[in-house]
Every structure is written in structure tokens, then in C-alpha cells.
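Chains A and B, in that order, are what the protein sequence lines are.
Under the numbering used here, the letters of the first sequence match residues 1054 to 1181, in that order.
Under the numbering used here, the letters of the second sequence match residues 1054 to 1181, in that order.
Below is one structure, written out as C-alpha cells, with a few remarks after it.
2 protein chains.
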Amino acid sequence: MVHGLGVVMKIGELSEKSGLSRDTIRLYEKNGLISSSASQSETNNYRHYSEDVLLQLRFVSSARKVGISIADIRELTEAFFASCDPSEAENVIVAKSAELKTRIEEIENVVRFLDAALLKVREGLGDD
Amino acid sequence: MVHGLGVVMKIGELSEKSGLSRDTIRLYEKNGLISSSASQSETNNYRHYSEDVLLQLRFVSSARKVGISIADIRELTEAFFASCDPSEAENVIVAKSAELKTRIEEIENVVRFLDAALLKVREGLGDD
DNA sequence: CCAAACCATGGACCATGGTCTATTGTTTTG
DNA sequence: CAAAACAATAGACCATGGTCCATGGTTTGG
């Protein structure tokens, strides 16, 4: 009954809140994109997620939507939590950010192409 | 010996000029992204491509790089050459263009997130 | 002429990202 | 308590996009 009052949640709740399937969440966890606290004190081995994980998952989700691979997202999230080597972390993030900016330009090119094509199509339409 | 003087080329030349492998080109053709003129007058069944195909292929290539699926690219290229129903063509192109613009915004969000993360990482770095 | 280079086709193979299923164990709730 | 709902795991399965391979035909150049 203790419900939604923060602290932790099981995978079902996280699934609902994130809009991702349980399977997908487990997949992401297996790939190190998020992590759960396996409660050693309990009889079961259910995953328990903190609220933070929901935020991470939102990031993962939008990153995936945008085409960033799971491997790359792992690199990034590792960078975020890389208390070990912050300058290395910085490199990773900067690199990915730059890559994405390049990608934006590429998409803009395609958009321009499409918009140009649109004009041509409309010219043809004008002949009616 | 008649070489590069326009008109047509075989898959090897197209491969070189486009930077795509023969296999990939055949895959794209099988999926209707480009088309070759199968010369019926000849004894072989080699594919022959016009210069135009090179341009199409460049578009396909950049569209793929940007994550547009083969199926969607086919829809688009069909739209380009849809002498049949130009207004339908227009719809397809407009829709895809809008989708890409949305995608740009999504990527920009991710970039903003990364840049914000970067600041935090750098703060941590300042503590040295 | 003959070997090397090219082409075609079909199918196998691979990675990625995700879903689905079966089995089994746990919790919740009427 | 017992059934329903939830969870775990492993492995099968699927689609996509591409590469690689085997086989066999064609062209080309020395």
C-alpha cells in the first residue's frame, strides 16, 4: 500500500511512469543505463528503483528516440557518474554533444532538400 | 573504355562515386530507392545507372545517415516521382519535413541536457 | 585464349534494439 | 488460504540494415 510516496518503486510503477515496458527497462538495466538496488534484506530479488532513475530513464528515452545507441548512452551516463575521472567524462560529453550538433546540421540539410522538392512539386501543381 | 562520359554506369562505378558498397546499392534498389535500366538488348543482365541515380543515392545516403528508415525514404522518393498524384506527394513530403523538424528539436533538447551536465562536471572539476 | 575483374542472385550471417513466452517464485488481496 | 497480480530469468523471436559468401555467368585486356 505504501505508494508513490517517493523513496523507491518496483519495475511496474517505473514502467508506468516512464512509459517504457518492463522488458525494455530490464534491457536498459542489463546494459548499464540505469541501476537498481537489489534489496539484500528481502526474501525476493525484485528490483527497486529510486526516483532519480525515473529522471535518468527520461533522458535515456529521449536519447534513444533521437537515435543515440544504447552503447553511447551508457558511455554518457557513465560519464555523468564518473567520479573517477571527470576530465575524461568531460571529453565524452563534449564529443557526443558535438556529434549531435553535427547531426542537427545533417538533418537540416535533408529538410532543405525536402523543402526544395516541395517547391518543385507545387510548381507542377500550379499547372492545373 | 568509354568511361565516365555520362550516360550510364555499372554498379562498380556507382559504388565508387557514391561511396556505398555494391551490396548496399543492390539492397537499396531492391527496396525501390533507386532504379536501374536493365538493358534488354544486351546478353547480360547487368544494372545500368544514369547520372541522376548518383544524385538520388546521395540523398538516400544522407537520409540514412540521419536515421530515416529505408521504408520512409522509399515513400519520399516515390513522392518525388509521383506524377500520378502530386497533392498526395506534397503531403508525404510535408509530413516528413515536419517530422524531421521535430526531431531536430528533440536533439536540441538532448544537447541542452548534455551541456548542462557538462557544467556540473566542470564545477566538480573546479574543486581540484 | 584465358585469367582477372566484374556482375548477378540467393542465402547465410551479424549487430542492434526490442518484444514475447515459459517457467518459477513472491506479494497482495478478497 | 487461494487466486490474481506482479516479479525474475533465460531464451526464442522479430524487424531493420547491412555485410559476406558461394556459385555461376560476362567482359576485358594482355
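Ideal placement from N, C-alpha and C gives every residue a C-beta, glycine not left out.
Neighbour flag for residue i against chain B, beta carbons, 7 angstroms
{"i": "residue 1056 (chain A)", "result": "Note that residue 1056 (chain A) has pLDDT 41, beneath the 50 cutoff, so the model's placement of it is unreliable and the number below is only indicative. No, residue 1056 (chain A) does not count as interfacial toward chain B."}
{"i": "residue 1142 (chain A)", "result": "yes"}
{"i": "residue 1072 (chain A)", "result": "no"}
{"i": "residue 1170 (chain A)", "result": "yes"}
{"i": "residue 1114 (chain A)", "result": "no"}
{"i": "residue 1177 (chain A)", "result": "yes"}
Assigned secondary structure, residue i (DSSP; H/G/I helix, E/B strand, else coil)
{"i": "residue 1164 (chain A)", "result": "helix"}
{"i": "residue 1099 (chain B)", "result": "coil"}
{"i": "residue 1060 (chain B)", "result": "coil"}
{"i": "residue 1119 (chain B)", "result": "coil"}
{"i": "residue 1089 (chain B)", "result": "coil"}
{"i": "residue 1135 (chain B)", "result": "coil"}
{"i": "residue 1170 (chain A)", "result": "helix"}
{"i": "residue 1159 (chain B)", "result": "helix"}
Presumed contact (8 angstroms Cβ cut-off) between residue i and residue j, rounded CB distance
{"i": "residue 1119 (chain A)", "j": "residue 1156 (chain B)", "result": "7 angstroms"}
{"i": "residue 1106 (chain B)", "j": "residue 1067 (chain B)", "result": "7 angstroms"}
{"i": "residue 1079 (chain A)", "j": "residue 1091 (chain A)", "result": "Not a contact, Cβ separation roughly 13 angstroms."}
{"i": "residue 1171 (chain A)", "j": "residue 1121 (chain B)", "result": "With a Cβ gap of about 16 angstroms, residue 1171 (chain A) and residue 1121 (chain B) do not count as contacting."}
{"i": "residue 1115 (chain A)", "j": "residue 1159 (chain B)", "result": "6 angstroms"}
{"i": "residue 1074 (chain B)", "j": "residue 1082 (chain B)", "result": "Actually they do not touch by this definition, with Cβ atoms about 13 angstroms apart."}
{"i": "residue 1174 (chain B)", "j": "residue 1143 (chain A)", "result": "5 angstroms"}
{"i": "residue 1167 (chain A)", "j": "residue 1149 (chain B)", "result": "6 angstroms"}
{"i": "residue 1139 (chain B)", "j": "residue 1177 (chain A)", "result": "5 angstroms"}
{"i": "residue 1061 (chain B)", "j": "residue 1103 (chain B)", "result": "6 angstroms"}
{"i": "residue 1123 (chain A)", "j": "residue 1084 (chain A)", "result": "5 angstroms"}
Residue-chain proximity (residue i, chain A), Cβ-Cβ < 7 angstroms
{"i": "residue 1133 (chain B)", "result": "yes"}
{"i": "residue 1159 (chain B)", "result": "yes"}
Closer than 9 angstroms at the beta carbon, the chain A residues around residue i
{"i": "residue 1087 (chain B)", "result": "Simply none; closest approach about 16 angstroms."}
{"i": "residue 1174 (chain B)", "result": "1132, 1133, 1135, 1139, 1140, 1142, 1143 and 1146"}
{"i": "residue 1119 (chain B)", "result": "1120, 1156, 1159, 1160, 1162 and 1163"}
Alpha helix (DSSP H) segment containing residue i, residue limits
{"i": "residue 1065 (chain A)", "result": "1064-1071"}
{"i": "residue 1078 (chain B)", "result": "1075-1083"}
Residue i CB to nearest heavy atom of the ligand GTP below 6 angstroms
{"i": "residue 1155 (chain A)", "result": "For the structure depicted, the ligand GTP is absent and the ligand set is empty, with no information on it obtainable."}
Chain-ordered chain A contacts of residue i [CB-CB under 8 angstroms]
{"i": "residue 1153 (chain B)", "result": "1160, 1163, 1164 and 1167"}
Chain B residues whose Cβ lies nearer than 8 angstroms to that of residue i
{"i": "residue 1150 (chain A)", "result": "1164, 1167, 1168 and 1171"}
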